[in-house]
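Trainee:
In my numbering, the protein residues as written are 3 to 184.
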């Protein structure tokens, strides 16, 4: 089976690979109780798929699972095919039989319709739409996520103090491979 070179989403043709020319990102990695990760994954929208695949949260010594939380602001610049939008991601490390340890993207809310459609249709990401306001990539990352029409109110406030992390000077490229489990 060959890999498609493009796909139509919401009436727009998206060419692969999909470039991101400019974005600001802040994130945090931490350990959570494996039992909590297991419960959240079991209650998630992708639980049946993960069950069929035999995926299990990674349990480090002490019963902890690595978790990643990110906030990305994709900038409105030529070449950003999916446009300008905010995205918040919550991911757990899981062990997938026959593959190994991978990041399971558990939640991925966005604030624009096109990227919602593209993420769901092209990659099967668990995207849903909310209102988001905030900044990303500064010393203090501040994001507010709420229900559609709320302007971010009544939801979740995410604040990441990136001054305490490890600085990565210069420009960086990030590539990833997606393992789709159906």
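From the three backbone atoms N, C-alpha and C, an ideal C-beta is built for every residue, glycine too.
Just the C-alpha distance for residue 93 and residue 79, rounded to the nearest angstrom, thanks.
Mentor: Translated into the one-based positions of the chain shown, residue 93 becomes position 91. Translated into the one-based positions of the chain shown, residue 79 becomes position 77. Approximately 27 Å between the Cα atoms of the pair.
Trainee: Return the bridge partner residues of residue 32 from the DSSP annotation.
Mentor: In the chain shown, the residue the question calls residue 32 occupies position 30. The partner list for residue 32 (beta bridge, DSSP) reads 69.
Trainee: I'd like the ranges of any beta strand (DSSP E) spanning at least 3 consecutive residues and lying wholly in the region 91-121.
Mentor: As far as the region 91-121 is concerned, its whole beta strand (DSSP E) runs of at least 3 residues are 102-112.
Trainee: Identify whether residue 47 lies in helix, strand or coil by the three-state DSSP scheme.
Mentor: Here residue 47 corresponds to residue number 45 of the chain shown, with the count starting at 1. If DSSP states are grouped into helix, strand and coil, residue 47 belongs with coil.
Trainee: Could you please give me the residues that DSSP links to residue 58 through a beta bridge?
Mentor: For this step, residue 58 is matched to residue 56 along the chain shown. According to DSSP, which records beta bridges pairwise, residue 58 is partnered with 97.
Trainee: Quick one: grab the DSSP three-state call for residue 124.
Mentor: Residue 124 sits at position 122 when you count from the first residue of the chain shown. Residue 124 falls in the helix class under three-state DSSP.
Trainee: For residue 29 and residue 73, I'd like the C-alpha separation in whole angstroms.
Mentor: By one-based count along the chain shown, residue 29 stands at place 27. By one-based count along the chain shown, residue 73 stands at place 71. Cα-Cα distance, rounded: 6 Å.
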